[in-house]
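J.: Residue numbers (the numbering used here): 2 to 540. Have a look at the structure that comes next, please.
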Ligand code: SF4
């Protein structure tokens with residue numbers, strides 16, 4: 002006895018399926034059929050030994066337990082459970098897909114580490130997807146039982162997943178359920194027919210995604226760039242908002258994103274920060290924090306005019322560039338600011354001496370400079386530029402204006418430089434580089450470009466949901482870096498999600514150790530005794 006239904010694809014002679022990239026367990030015949038129809042290459046037919054194999058495993062916990070025992074003996078590379086299920090929360094609709102973060106029931110809980118990767122890929126395929134715990138029960142859920150299961154944290158329910166995941170035999174597993182009935186009506190209901198059809202349609206859409214999942218399965222090495230993630234300026238800026246909320250209470254307004262990272266902004270919003278684009282959105286008398294990227298004197302003057310209470314979270318290294326701009330302008334120089342148009346740091350620095358500054362984004366822009374005295378040209382840089390990109394522009398400036406002058410050391414900050422060196426070090430040995438960071442983060446985007454210039458394909462991701470499974474196919478060594486505004490926890494989440502596709506070994510590649518710390522502004526220091534004062538070092 003195999004414990005599997007007759008059309009399971011497991012022959013009675015061998016008792017086991019061929020070893021495959023991904024073994025998909027579909028409890029019901031209609032579920033297995035929907036998945037097989039959705040597979041792009043006909044994988045899943047009983048004779049197919051391709052990357053995806055769909056097995057009908059049977060209805061309910063007892064058959065699932067027997068099927069899992071048979072499947073486990075084949076040590077599948079990865080196991081997926083896919084079928085229809087019931088919603089436990091009111092926000093789920095029929096046809097939605099729930100990807101299990103964990104499966105509970107039968108006295109235990111099993112985590113599904115690859116859930117964010119699968120959920121992200123399903124969303125990109127056009128499905129409505131929610132991630133959360135799925136509960137497995139041993140009977141049809143009766144009216145009134147939804148609330149009890151939901152109170153335990155589950156968002157969907159089925160009758161097989163907890164038993165079936167045992168078929169992974171300790172290897173990676175994912176579980177998904179397409180919602181066929183919602184929490185506001187009983188399972189035995191005329192609407193179950195339309196709900197069931199909607200769920201099966203979703204399962205057909207799921208199938209090609211499972212093919213991409215199969216191609217991404219495998220053990221990997223992850224090279225961790227060091228240093229990565231938060232720099233001293235970002236840590237200080239976040240701490241400033243947190244302390245402002247603690248000392249003054251919510252709301253605290255923040256002009257622009259405090260740092261360019263979606264997770265950081267969302268966390269601070271939950272704590273009571275309100276992010277605005279301009280001071281006009283800040284009510285009279287409120288407290289406002291200026292972001293780490295700095296502001297122009299005009300913005301400071303407006304805040305003073307309106308008697309707003311302000312705290313400046315401008316990174317001291319950005320403030321240093323502002324001071325250089327003022328000094329050169331006062332000495333009669335035309336200041337060429339090497340940077341990217343539209344970036345808040347550039348806007349703030351240009352605002353220090355608008356009549357004496359010109360933005361230079363490329364070497365070609367140098368030809369357009371019109372200084373009144375060619376011997377009085379200076380240059381400054383945005384702190385988050387790629388060093389090699391900026392040096393080409395400095396060469397062009399030097400060629401046209403031999404007397405051009407600049408800061409003693411370039412303005413590209415230590416954190417940017419170190420992260421670019423680290424990404425070059427991992428790119429050399431990686432099939433693919435992932436950079437944790439948001440799309441509006443200049444220093445994170447420069448890390449992607451740095452890896453690409455080193456000849457390795459690279460992608461910017463806000464978190465594991467953004468990683469496309471197609472990128473991972475054939476990538477056995479992945480470099481992982483993080484921009485200066487990306488929280489360290491995101492790196493951990495990405496490593497964990499990759500571990501959901503197979504064993505992951507991590508190796509740190511450290512090119513520099515950072516000890517930089519910046520002090521807090523005086524407005525917060527007055528009420529805080531256990532924090533450092535002014536900047537202690539800027540290595
Ligand atoms: S990247 Fe550099 S300039 Fe920007 S906040 Fe961090 S330390 Fe400051």
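Each residue gets a CB set at the ideal place from its N, CA and C atoms; glycine is no exception.
1. Put residue 454 into one of helix, strand or coil per three-state DSSP.
2. Using 8 Å for Cβ pairs, my map puts residue 161 next to residue 102. What's the rounded Cβ distance?
3. Applying the 10 Å Cβ sphere with the 16-neighbour rule, what's the burial state of residue 396?
4. Any idea what DSSP makes of residue 279, helix, strand or coil?
5. Reducing DSSP to helix, strand and coil, say where residue 469 ends up.
6. Answer with buried or exposed for residue 194, where buried requires no fewer than 16 other C-beta atoms within 10 angstroms of its C-beta.
7. Given a threshold of 16 other Cβ atoms within 10 Å of its Cβ, counted over all protein chains shown, does residue 168 qualify as buried or as exposed?
8. If contact is defined by three or more beta carbon pairs under 8 Å, each pair taking one atom from either stretch, is the stretch 331 to 343 in contact with the stretch 370 to 384?
9. For the ligand MG, I want to know if residue 317 counts as a neighbour, meaning its beta carbon is within less than 8 Å of at least one of the ligand's heavy atoms.
10. How would you write the range of the alpha helix (DSSP H) that residue 389 sits in, first residue to last?
11. For a test of the three-state rule: what should DSSP assign to residue 363, helix, strand or coil?
12. Closer than 8 Å: is that where the CB of residue 334 sits relative to any heavy atom of the ligand SF4?
13. So residue 468 and residue 224 are supposed to be a Cβ contact under 8 Å. How far apart are they, rounded?
14. To the nearest angstrom, how far is the alpha carbon of residue 329 from that of residue 234?
15. Quick one: give me the first and last residue of the beta strand (DSSP E) that residue 79 is part of.
16. Please confirm whether any heavy atom of the ligand SF4 lies closer than 8 Å to the CB of residue 262.
17. Quick check on DSSP: helix, strand or coil for residue 515?
18. Looking at residue 517 and the ligand SF4, is the gap between the Cβ and the nearest heavy atom below 8 Å?
19. Is the beta carbon of residue 234 within less than 8 Å of some heavy atom of the ligand SF4?
20. Beta-carbon within less than 7 Å of residue 138's beta-carbon, same chain only, minus the 5 sequence neighbours each way: which residues are those?
21. Could you tell me whether any non-hydrogen atom of the ligand SF4 is closer than 8 Å to the CB of residue 444?
22. Using CA coordinates, which residue listed in 470, 435, 97 and 521 is at the minimum distance from residue 230?
23. Exposed or buried, which one is residue 44 when buried takes at least 16 other CB atoms within 10 Å?
24. Please state whether DSSP places residue 408 in a helix, a strand or coil.
25. Rounding to the nearest angstrom, what Cα-Cα distance links residue 89 and residue 473 in this structure?
26. Buried or exposed, going by whether 16 or more other CB atoms sit within 10 Å of the CB of residue 445?
27. I'd like to confirm something about residue 384: is its beta-carbon nearer than 8 Å to some heavy atom of the ligand SF4, or not?
28. What would DSSP say about residue 311, mapped onto helix, strand or coil?
29. From residue 314 to residue 296, what does the alpha carbon distance come to, in whole angstroms?
30. What first and last residue would you give for the beta strand (DSSP E) that runs through residue 52?
31. To the nearest angstrom, how far is it from the Cα of residue 480 to the Cα of residue 466?
32. When the Cα atoms are used, what is the spatial distance from residue 520 to residue 62?
33. For residue 83 versus residue 27, is the C-beta distance shorter than 9 Å?
34. Whole angstroms are fine: how far does the CA of residue 206 sit from the CA of residue 524?
35. Under 8 Å from any heavy atom of the ligand SF4, does the C-beta of residue 514 make it?
T.: Once the coordinates are examined:
1. Note: residue 454 maps to helix in three-state DSSP.
2. With a Cβ gap of about 18 Å, residue 161 and residue 102 do not count as contacting.
3. Result: exposed.
4. Correct three-state label for residue 279: coil.
5. DSSP places residue 469 in the coil class of the three-state scheme, outside both helix and strand.
6. Answer is exposed; the Cβ neighbour count stays below 16.
7. Around the beta carbon of residue 168, 16 or more other beta carbons sit within 10 angstroms, so the residue counts as buried.
8. Put simply, the stretch 370 to 384 touches the stretch 331 to 343. At least three CB pairs are less than 8 Å apart.
9. Inclusion of the ligand MG in the displayed structure is not the case, the ligand content consisting of the ligand SF4 alone.
10. Looking at the DSSP string, the run of the alpha helix (DSSP H) that includes residue 389 is 388 to 401.
11. Note: residue 363 maps to coil in three-state DSSP.
12. Every heavy atom of the ligand SF4 is 8 Å or more from the Cβ of residue 334, so no.
13. With a Cβ gap of about 16 Å, residue 468 and residue 224 do not count as contacting.
14. Spanning the two alpha carbons is a distance of roughly 25 Å.
15. Run containing residue 79: none; DSSP gives neither H nor E here.
16. The ligand SF4 has no heavy atom closer than 8 Å to the beta-carbon of residue 262.
17. Coil.
18. Correct: residue 517 has its Cβ closer than 8 Å to the ligand SF4.
19. Yes, the beta carbon of residue 234 sits closer than 8 Å to at least one heavy atom of the ligand SF4.
20. Within the same chain, residue 138 has close Cβ partners 106, 158 and 160.
21. Indeed, a heavy atom of the ligand SF4 lies less than 8 Å from the Cβ.
22. Checked all of 470, 435, 97 and 521; the closest Cα to residue 230 is 435.
23. Residue confidence is low: residue 44 scores 45 on pLDDT, short of 50, so the model does not pin down where it sits. Its coordinate-derived value is still stated next. Residue burial is scored here from C-beta neighbours: residue 44 has at least 16 other C-beta atoms within 10 angstroms and is therefore classed as buried.
24. In this structure, residue 408 counts as coil in the three-state DSSP scheme.
25. A straight line joining the alpha-carbon of residue 89 with that of residue 473 spans about 33 Å.
26. Counting Cβ neighbours within 10 Å, residue 445 comes out buried, since at least 16 surround it.
27. Yes; taking the cut-off as 8 Å, the Cβ of residue 384 has a heavy atom of the ligand SF4 nearer than that.
28. Correct three-state label for residue 311: strand.
29. When the Cα atoms are used, residue 314 and residue 296 turn out to be separated by approximately 10 Å.
30. Taken as a continuous stretch (DSSP letters only), residue 52 belongs to no beta strand (DSSP E), as it is neither H nor E.
31. Residue 480 and residue 466: Cα-Cα distance of roughly 17 Å.
32. For residue 520 and residue 62, the distance between alpha carbons rounds to 59 Å.
33. In contact: residue 83 and residue 27 (Cβ atoms closer than 9 Å).
34. Here the alpha carbons of residue 206 and residue 524 stand approximately 55 Å from one another.
35. The answer is no for residue 514.
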